[in-house]
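Participant:
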Amino acid sequence: MGEKTLTRMDLSEAVFREVGLSRNESAELVEAVLQHMSDSLVAGEQVKISSFGTFSVREKAARVGRNPKTGQEVPIQPRRVLTFRPSHLMKDRVAAGNKR
Amino acid sequence: MWGMIRSELIQKIADENPHLYQRDVERIVNTIFEEITNAMARGDRVELRGFGAFSVKKRDARVGRNPRTGESVEVEEKHVPFFKTGKLLRDRLNGK
Numbered sequence: 040m041g042e043k044t045l046t047r048m049d050l051s052e053a054v055f056r057e058v059g060l061s062r063n064e065s066a067e068l069v070e071a072v073l074q075h076m077s078d079s080l081v082a083g084e085q086v087k088i089s090s091f092g093t094f095s096v097r098e099k100a101a102r103v104g105r106n107p108k109t110g111q112e113v114p115i116q117p118r119r120v121l122t123f124r125p126s127h128l129m130k131d132r133v134a135a136g137n138k139r
Numbered sequence: 078m079w080g081m082i083r084s085e086l087i088q089k090i091a092d093e094n095p096h097l098y099q100r101d102v103e104r105i106v107n108t109i110f111e112e113i114t115n116a117m118a119r120g121d122r123v124e125l126r127g128f129g130a131f132s133v134k135k136r137d138a139r140v141g142r143n144p145r146t147g148e149s150v151e152v153e154e155k156h157v158p159f160f161k162t163g164k165l166l167r168d169r170l171n172g173k
């Protein structure tokens, strides 16, 4: 099983190999994809990538939290959180690929 | 719920890059998602700073139950995809 961490650089390298654009332009396109996805999510939209998965934004209500060290109560403001639901295809591929 | 799907994402990138063929833009966008899935299938992590990190989590074997019959069933150990939102995106979602 792998232990490597891939970054934007690995994704742009893959784009560079696949399409043959310059490394610079490949990196810009990877950035543009992430930027468009982020912008949609920040606007409260869902981003649905077929056979990959769905990113959606959920509203969390305000609640009273507790500082685990001091035990003191602290108000937690209402906030928006992002959830990712992998597609069946991704779940199957990840399960199969990591099977011992 | 409204939102954006893969083809709309491809269209936006195509509109911003009139010098590229539509089919190349499709290949570019598909390659990005394919690379991420391939990495997780190998057990690797993908860290996209500011956006988030994709990783694989191990779920231990357990004894499950058939909800209809109540019968016990062995559920094998398995690996599942996981995504953690990056700090920058989390802050942007909350108007910071």
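Protein chains in written order, with the numbering used here: chain A, 40 to 139; chain B, 78 to 173. Glycine is no exception: its CB is placed at the ideal position from the N, C-alpha and C atoms.
1) Using the beta-carbon count (16 or more within 10 Å), is LEU166/B buried or exposed?
2) May I ask you to report which of helix, strand or coil DSSP gives ARG126/B?
3) VAL157/B touches chain A at which residues, Cβ-Cβ below 8 angstroms?
4) When you compare only the Cα positions, how much space is there between HIS96/B and THR114/B?
5) What in chain A is Cβ-close to ASP101/B, meaning under 7 angstroms?
6) Closer than 8 angstroms by C-beta to ILE115/A: which residues in its own chain qualify, once you throw out the five before and the five after it? Chain order, please.
7) Leaving out five residues on either side along the sequence, give the residues of the same chain with a beta carbon under 8 angstroms from the beta carbon of VAL140/B.
8) Can you name the residues that DSSP bridges to GLY92/A?
Facilitator: Put simply:
1) buried
2) coil
3) PRO125, LYS130, VAL133, ALA134
4) Whole-angstrom Cα-Cα distance: 28 angstroms.
5) VAL58
6) ALA101, ARG102, VAL103, GLY104
7) SER149, VAL150, GLU151, VAL152
8) ILE88/A, PRO125/A
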